[in-house]
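Presented below is the structure to which this report refers.
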Amino acid sequence: MVELRDIHKHFDAVVALHGAGLTVAPGEIRALLGSNGSGKSTLIKILAGLVEPTGGQVLFDGAPVHIRNGRDARSLGIATTFQELSLIPMMSVRDNILLGNEPLARLGLVDRKSADRRIEELLDRFHIKCDPDTYVQALTPSVQTMVEVAKAVAQNPRLLLLDEVTAPLHYDEVELLFGSMRELAAEGVAMIYVTHRISEVFTICDTVTVVRNGETVAQGAVGDFSTDTIIYHMTGQRPEAAASHAGSETGGREGEPMLDVRNLELLPKAKDLSLKAYKGEIVGIGGLEGQGQSEFMRALLGATPFQGGEIVYDGQPRRFRSPAAAVREGIGFISGDRNREAIFALRTVEENLLAGKVAKGRLFAYMSARSIRAFARDAVGKYAIKIGSLRHAANSLSGGNQQKLVVARWIAMSPKLLLLDDPTKGVDIHSRREIHQILRRCAQEGMTVVMSLSETEELLDNADRIYVFYEGHVNAVLSGAQKTPEALAAAMLGMSGPGAADAPSPSGPHSDSLSGRSISRSIPGAPSPSGPHSDGFPVASSPGFPGAADASAAMSPATGGGGGKGATP
Amino acid sequence: MNTKTKPTPSYLLASARQALGRFHTSPAFAGSMLFLAALVLNAALQGPASFFTVKNINTLFTKNTPFMLAAIAQSLLLMTGTMDISCGVQMALVNVVVIMTGQEWGIPFPLSCLLGIGAAILASLLCWVCCSVLRLPALLASYALTFVIKGVNVMIMSVPQGKVEKLYYKAYDSQIFGFIPASILGLALVLLIWAYVRRTRLGTHMYAVGGNQRDAFAAGISPMGVQLKAFLLKGFIIGAAGVCLTLMTAAGNPLQAEDYGIRSLSACIIGGLSFGGWGTVGCAISGAGFLVLIQNSVYYFFSMLVKMIPGFSVTSYYQNFASDLLILLGLLMTMVTARGQREALRRDIVRQLKTGIGLRDQAGTPPPDGAAAGAALAPPPGNGTGPENTDAPAFDTLSAPAVSTSAARTGLSDGAGVGAAHTKEGMDDER
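The listed protein sequences derive, respectively, from chains A and F.
Residue 565 in our numbering sits at position 565 of the first sequence, and the numbers go up by one each step.
Each number in our numbering corresponds to the 1-based position in the second sequence with 569 added.
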């Protein structure tokens, strides 16, 4: 019914899609899989009319079509549920579901009665218990997601695109959704289903398409795939045994951690994040996009408030009220979003370098032009920043050099703890390497570096220990020999078995109250850690978690971690 | 919730409480409270006996209908996520067009009024081109347009002049049946039109575009088209306001009413509208009413002082100072209320998350009562009905962790919705 052929898309210099293809037939549920930045969301957006491809063909019922906007997509019968939701928070549930699709009565008026009937029907179908007049912003994320699905289904689509809908959903809601998807498939609706929960693919999908780096690398019936082959196609790596995922929590270091985060709860994204960072080490944070990494960073810095847990910094529990307070205490923060959070694009290189130092100094402290110049020249030389002149505007520099400028600015303040949120985003490979060298040098001099990176290779190369975030909690800690691409890939997809199964249970009152829904106990052999440990971090403190390893070995060759059978297929 | 129950007293009480709760969280709450407060203040200072007279109410409406119309017009743009602070000079444009076409070409007054409305619509179109098509920042673009339109006004009419036939301005000042101010008709007409538009698709789409242009676009709505319609509607209302202004002053002045633009904006904000899809026309009306009544009250307060203290006299600047101070307080209160509402909303969502309500309970999984602390380690029975029992065993252990995390995760998402609310908050705070 729908075929995407050899689709290319680039945003300026960034190539998002490079020969991706996809087909889906009526009544078929096709999984579209891929890791961070592989281009699966772009594919969805092309079909939804939000992005126009720069090359390739979209065929609908065999005829080439151009989907230029949402209306074109709708008239073709394509409905989409977006990962970031397309609901308008200040509008009622009713208005949102019927948006652009309102039933009309005489005189162009919206037919309230038939609208109400349809809403009632849809809310019933998806078991959404809410008043149609409630504003969407008053609903919990999971209910919002169900409303988003109801909105798409309300259009009676021929092709339904579901982009990571299950991420915020409860287990019973996922079941409900799958039930509806099966019904729709029976009615002949084609579906493209994007998810990062590989298990769901086998539950609901008929066929699989895997994209990697903007290319379609594999497709076929779901029976031809196993978890391992899917991971292999997504990452280019064979997933590794789960049993080795228990990283050492201390990284072999002694003494008090510089930063000790315990069960940090940051609604709505992060539920239970614990992390320790010691003096002189580089701690990496990995995971798929949007698993709570940037929220975590910003909570440490005091830029966003957190709801639960504790941050112990330099031996004392702290809760910074603002980034300025955190900076005063010796915390530095480098954001990957240079333009928004770091660079003063129109100010000179010199001023940009000096910005941090000035912020920390006294308001009316006198600074001589010569000392400023000397400081700036020193920094430029030391970090090999390529500039025209110290007086040029910062936006005259390349992305990589801008980022080095920011790094230099912060290091000049010699913070005790440096936080970096994806610092090498959009930075060329050479500058990346240099930035990492700078960071390594700083760590050797005793600075603690906590950095989240979206590139797995970079993470493996540069971090001493890697905390892998998955759905708002720490899924695995990798260090030393366990720091392999395979283990990281598996952990990022939530497949470190015990970590995923048990991490939430002993945490706060939060998950306790919801344990009615939890089915983690369905793993027969998995032990329940007996409550919070001293450091509150279950993966590390249940040594070896033999139960789970046994379970996986006994029950499944194709299990999450693979049970050491990486090459099964 | 929707089922009909017998109207027992307790049911009535409950539904009244529910309605009150809904009003409390509605955008119109702060504005209407302020309006009521100003009304009470004004009536008290002026003396209820003299405030609630036909004559006084009539004067209030004749003097302020143009301003209230301008606030309504502005509110439509705010809903659609844009604005136009050149509303005021556009009203003056209508005024000069109406007067000059009558004076120079001898066109009868009703026809000149139509021409004036047409001029306002044209000016609105110009503003639409700047704000929606060229995507200039609405505040700056419409501020620049203020001077452009003022220039046009002066070109049409260089000095204040002209008059309106007595028949018309007398009619404007009269009362229907001896107690309904005729000027209310203009207001009623506009509100009727809006009541119709609100019930068409356009009404919803305006809110959608104001709420989030990208999402509206994804839903097959053309944001530019919706804004065009909003601007046209606003042009018409400004035209009506200009006609009322002409009837009120019964003369032409090319440089009057400029402050109506910014004042209509502040009326909307005080009434509880915010940039983009939040608030109703009612907010604009109560905000405008508040501004008017506060100024009135301060006037009466000062005349009371003059009466009570012999020899007391101050310039009118002090009156403006006092009334603007009160308006600032009103604005502050609106902000505080809005923040309270957001806070309440956040708390409610957290509560929903913690108790797991807001979902229909599936058979076999009773809703956990929030305080079951030990429950994490003692799973309730009936939990084994998951997919892992029906699936091929090969995926058992695989599906289990993923599903369990999803269940234990309490359904928190990457929170686009809440995120959007936060962004909104950020915007509000910036303001």
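Built from N, CA and C at the ideal position, the CB exists for glycine as well.
Given a cut-off of 8 Å, decide if I918 (chain F) and F805 (chain F) are closer than it, judged by their beta-carbon atoms. no
How should S552 (chain A) be labelled, buried or exposed, when 16 other C-beta atoms within 10 angstroms of its C-beta is the threshold for buried? Bear in mind that the predicted position of S552 (chain A) carries a pLDDT of just 38, short of 50, making it too unreliable to give a figure here.
State the start and end residues of the unbroken beta strand (DSSP E) segment that holds S479 (chain A). H473 to S479
Any chain F beta carbon closer than 8 Å to G251 (chain A): With a pLDDT of only 49 at G251 (chain A), under 50, the local geometry of the prediction cannot be trusted, and no value is derived from it.
Within chain F, the residues that A115 (chain A) reaches when beta carbons sit closer than 8 Å: Result: empty, since nearest Cβ-Cβ is about 10 Å, beyond 8 Å.
Show which residues of chain A have a CB atom less than 8 Å away from the CB atom of T773 (chain F). M91, D95, L98, L99, E102 and V110
CB contact flag (I725 (chain F), P823 (chain F), <8 Å): yes
At a Cβ cut of 7 Å, what residues of the stretch 910-922 of chain F count as close to chain A, listed as they run along the chain? L914, D917, I918, V919, Q921 and L922
Rounded to the nearest angstrom, what separates V721 (chain F) and L43 (chain A) at their Cα positions? 51 Å
To the nearest whole angstrom, what separates the beta carbons of N664 (chain F) and Q825 (chain F), a pair I think is in contact under 8 Å? 7 Å
When you check each C-beta in the stretch 774-787 of chain F against every C-beta of chain A, which residues fall closer than 7 Å? Y776, A777, G780, N781, D784, F786 and A787
If we define contact as Cβ-Cβ less than 8 Å, is A490 (chain A) a contact residue for chain F? no
Report yes or no: do the stretch 171-188 of chain A and the stretch 199-210 of chain A share at least 3 C-beta pairs separated by less than 8 Å? yes
Residue of F:Y580, F:R832 and F:R783 minimising C-alpha distance to T649 (chain F): F:R783
Please confirm whether T769 (chain F) has its beta-carbon closer than 8 Å to some beta-carbon of chain A. yes
First through last residue of the alpha helix (DSSP H) which encompasses N633 (chain F): V623 to M648
Collapsed DSSP secondary structure at P323 (chain A) in the structure displayed: helix
Cβ closer than 9 Å: which chain F residues qualify as neighbours of N69 (chain A)? F786, A787, G789 and S791
Would you kindly check if the distance between the Cβ of S431 (chain A) and the Cβ of N401 (chain A) is under 8 Å? yes
Would you mind giving the Cβ-Cβ distance between Q643 (chain F) and M652 (chain F), rounded to the nearest angstrom? I have them listed as a contact below 8 Å. 7 Å
Using only CA atoms, which one of A:A489, A:F364, A:V380 and A:D428 lies nearest to V407 (chain A)? A:V380
Rounded C-alpha distance that separates L662 (chain F) from A270 (chain A): 56 Å
Chain-ordered chain F contacts of Q293 (chain A) [CB-CB under 8 Å]: Per Cβ cutoff of 8 Å: no residues; Q293 (chain A) is ~11 Å from chain F at best.
Through-space distance from T229 (chain A) to P546 (chain A), alpha-carbon basis: Note that P546 (chain A) has pLDDT 39, beneath the 50 cutoff, so the model's placement of it is unreliable and the number below is only indicative. Their Cα atoms are separated by approximately 26 Å.
Only counting the same chain, and skipping five residues up and downstream in sequence, which positions put a Cβ closer than 7 Å to that of C682 (chain F)? V667 and V812
Neighbour-count burial assignment, V759 (chain F), 16 or more Cβ in a 10 Å radius: buried
Grab me the residues of F786 (chain F)'s own chain with a C-beta within less than 8 Å of its C-beta, minus the 5 sequence neighbours each way, in chain order. P792
Would you kindly report the start and end of the unbroken beta strand (DSSP E) that includes L860 (chain F)? It is not in any beta strand (DSSP E) - L860 (chain F) instead sits in the alpha helix (DSSP H) that spans V850 to M877.
With distances taken between CB atoms, is the gap from R5 (chain A) to G21 (chain A) smaller than 8 Å? yes
Below 8 Å on the Cβ atoms is my guess for L47 (chain A) versus A73 (chain A); work out the distance and round it to an integer in Å. 7 Å
Run through DSSP, which three-state label would A221 (chain A) get? strand
Under 8 Å between C-beta atoms, does I88 (chain A) make it to chain F? yes
Apply the 10 Å Cβ neighbour rule to Y887 (chain F) and answer buried if 16 or more other Cβ atoms are within range, or exposed otherwise. exposed
Between the alpha carbons of P879 (chain F) and L708 (chain F), how many angstroms are there, rounded? 47 Å
Do you know how far the Cα of S41 (chain A) is from the Cα of A961 (chain F)? Because the pLDDT at A961 (chain F) is just 34, under 50, the model does not fix this residue reliably, and the point stays unresolved.
To the nearest angstrom, how far is it from the Cα of S584 (chain F) to the Cα of T594 (chain F)? 15 Å
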